[in-house]
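Order-wise, the sequence lines are chains A and B. Positions 0 to 114 (numbering that gives the first Met the number 0) are the ones given, in order, by the first sequence. Positions 0 to 245 (numbering that gives the first Met the number 0) are the ones given, in order, by the second sequence. Worksheet: the structure to be examined is printed underneath.
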Amino acid sequence: MKHPALEIRSLTPNCNETLILTALEKGARHGYQLALDLEERSGGFFEFKHGTLYPILHKLEKEGLIAGSWSDEGLRGKRRHYRLTEMGQEYARAQREQWRTFVDHLVDVIGRSEP
Amino acid sequence: MSRFEAVLREISGRVNLPQPARTRVLAEIAGDLDDFFQAFLERGASEEDAERQALGHIDLSDEALRDLARVHGNWFRRLSDSIAERAGSRWELTLVGLLVLLAVFLSGAVVQAVPICRAAGAWLIPVACAAVATLGIGAWKAHVLWLRGDHRPKGLHAGLGAMLGLSVLQLFLAFAGVWVTAWAALRAVGLEPAQAGITTMHWLLGALALLVMGMSLALVCGLAWFILLGKVASIERAEAAALLPD
Chain A
0 MKHPALEIRS LTPNCNETLI LTALEKGARH GYQLALDLEE RSGGFFEFKH GTLYPILHKL
60 EKEGLIAGSW SDEGLRGKRR HYRLTEMGQE YARAQREQWR TFVDHLVDVI GRSEP
Chain B
0 MSRFEAVLRE ISGRVNLPQP ARTRVLAEIA GDLDDFFQAF LERGASEEDA ERQALGHIDL
60 SDEALRDLAR VHGNWFRRLS DSIAERAGSR WELTLVGLLV LLAVFLSGAV VQAVPICRAA
120 GAWLIPVACA AVATLGIGAW KAHVLWLRGD HRPKGLHAGL GAMLGLSVLQ LFLAFAGVWV
180 TAWAALRAVG LEPAQAGITT MHWLLGALAL LVMGMSLALV CGLAWFILLG KVASIERAEA
240 AALLPD
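Given below as structure tokens:
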């Protein structure tokens, strides 16, 4: 099992992975659905360029955290959808804990709003 | 025909990943482009707007392509990608250049040292040059297909025709050498009939050595061509399998 660890230099990729894994907890998704879900749930804050999603999805799949499969959707052709594996669920939970701790400490330092 | 065909062609030219990852990425992009387009249409966008927004969402940057290559590439690809992009290609070219120089040097040393090569005479030089060129192309091709894992269809067959042509050229040059030296030997016998036996024997040994060397080198080059052709065929099969996974 991969051990999550937040390091300053890997914050962005780590954040992207956590967002994708969390979005997949709601069920299997196509790549484009993931991008739109994250955009909608964050009120447009996380606007993923889909090009950046592919390397993350493929990396997570290689690591066994998600599993991808093709589905034949008739006239629309073949689509690839991804689902979270058991290992991915554990990893996502641990990652979220790490992020909450990180955000709490960050807010302790910088404050929730300007004084 | 997809409305994004031109974009997909442009992306296809940039995605230099090994198969079947390459086809998989392209199939995913094609599907996602269509899905984005439909999703934006359903949200009330015009066709032009939906197309523009779909393309804006995909935006496969060079950085994303490098990340994909890191995920799907082999150890060599990851190593060369970890060096700066331009420096990496220069480094690869230098490596292949050094290997070719080494091959030329070794060929020269072998020609000087091995009796059969000495017996084959000057005609062996063009035959050996063609063999070195063939093996040089083969080494570059092997480097691209196995080490770099660049399986773009455009360059997949590049160099294979030249390898086959150069292998045939080796045979042609060896036979041409036999015929030319035969003509020279016959002329020498005509001028000095008393030396006919020695001249004939000398020609026979030289012709035999040249033929053996020419055919052996052509065989080795032909084998290299055959192995590379097999690799290209397996890449194309993997591409077809990725398109039709069931």
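Positions of the beta carbon are idealized from the N, C-alpha and C atoms, including for glycine. All values derive from a computational prediction rather than experimental measurement.
Return the first residue and the last residue of the beta strand (DSSP E) that residue i is part of.
| i | result |
| --- | --- |
| G67/A | 65 to 71 |
Please report the residue range of the alpha helix (DSSP H) in which residue i lies.
| i | result |
| --- | --- |
| R95/A | 85 to 109 |
| V6/B | 4 to 13 |
| R75/A | Looking at the DSSP string, R75/A is not in any alpha helix (DSSP H), and its letter there is neither H nor E. |
| E41/B | 20 to 41 |
| V131/B | 123 to 141 |
| L59/B | No alpha helix (DSSP H) contains L59/B, which DSSP labels as neither H nor E. |
| W182/B | 159 to 190 |
| N15/A | 10 to 23 |
| P114/B | 114 to 119 |
| G50/A | 49 to 61 |
Taking just the CA atoms, how far does residue j sit from residue i?
| i | j | result |
| --- | --- | --- |
| W224/B | G137/B | 7 Å |
| A181/B | A175/B | 10 Å |
| S70/A | H80/A | 7 Å |
| Q88/A | A27/A | 13 Å |
| T198/B | G189/B | 11 Å |
| G110/A | R99/A | 15 Å |
| G191/B | W202/B | The question names Gly, but residue 191/B is Glu in the sequence shown. Roughly 15 Å between the two C-alpha positions. |
| W139/B | V95/B | 7 Å |
| C14/A | R236/B | 38 Å |
| S45/B | L97/B | 57 Å |
Rank the options by C-alpha distance to the C-alpha of residue i and give the top, closest one.
| i | options | result |
| --- | --- | --- |
| E91/B | G154/B, A20/B, V24/B, H142/B | H142/B |
| K77/A | G205/B, A26/B, R147/B | A26/B |
| S11/B | E46/B, Q52/B, D61/B, F36/B | D61/B |
| A129/B | A173/B, R42/B, D149/B, G148/B | A173/B |
| P114/B | L190/B, M214/B, L207/B, E238/B | L207/B |
| I65/A | H29/A, S112/A, E38/A, G50/A | H29/A |
| N15/B | L216/B, F171/B, W145/B | W145/B |
| D58/B | E62/A, F101/A, L52/A | L52/A |
| P152/B | E41/B, A239/B, V6/B | A239/B |
| L74/A | Q194/B, D34/B, P125/B | D34/B |
> Given 8 Å as the limit, is there contact between the stretch 165 to 176 of chain B and the stretch 108 to 116 of chain B, that is, 3 or more CB pairs closer than that?
Replying inline: no
> Do the stretch 154 to 162 of chain B and the stretch 226 to 236 of chain B touch if we need at least three Cβ pairs shorter than 8 Å?
Replying inline: yes
> Which residues, in order along the stretch 18 to 31 of chain B, keep a beta-carbon less than 8 Å from a beta-carbon of chain A?
Replying inline: A20, R23, V24, A26, E27, I28, A29, G30, D31
>> Does the structure place the stretch 91 to 110 of chain A close enough to the stretch 16 to 34 of chain B that three or more beta carbon pairs sit under 8 Å?
In response: no
> Pairing CB atoms from the stretch 99 to 108 of chain B with CB atoms from the stretch 79 to 96 of chain A, are three or more of them under 8 Å?
Replying inline: no
> Is it true that the stretch 50 to 66 of chain A meets the stretch 6 to 26 of chain A, where meeting means three or more beta-carbon pairs spaced less than 8 Å apart?
Replying inline: yes
>> Any C-beta of chain B within less than 7 Å: which residues of the stretch 43 to 64 of chain A qualify?
In response: K48, H49, G50, T51, Y53, P54, H57, K58, K61
> If contact means a Cβ-Cβ distance below 7 Å, which residues of the stretch 57 to 69 of chain B contact chain A?
Replying inline: I57, D58, L59, S60, A63, D66, L67
> Going along the stretch 32 to 47 of chain B in order, which residues come within less than 8 Å of chain A, judged by CB to CB distance?
Replying inline: D33, D34, F35, A38
> Looking at chain B, which residues of the stretch 66 to 94 of chain A have a Cβ within less than 8 Å of any of its Cβ atoms?
Replying inline: W69, D71, R75, G76, K77, R78, R79
> If you measure beta-carbon to beta-carbon, which residues of the stretch 19 to 37 of chain A are closer than 7 Å to chain B?
Replying inline: H29, G30, Y31, A34, L35
> Using a beta-carbon distance cut-off of less than 9 Å, what residues from the stretch 155 to 176 of chain B approach chain A?
Replying inline: none
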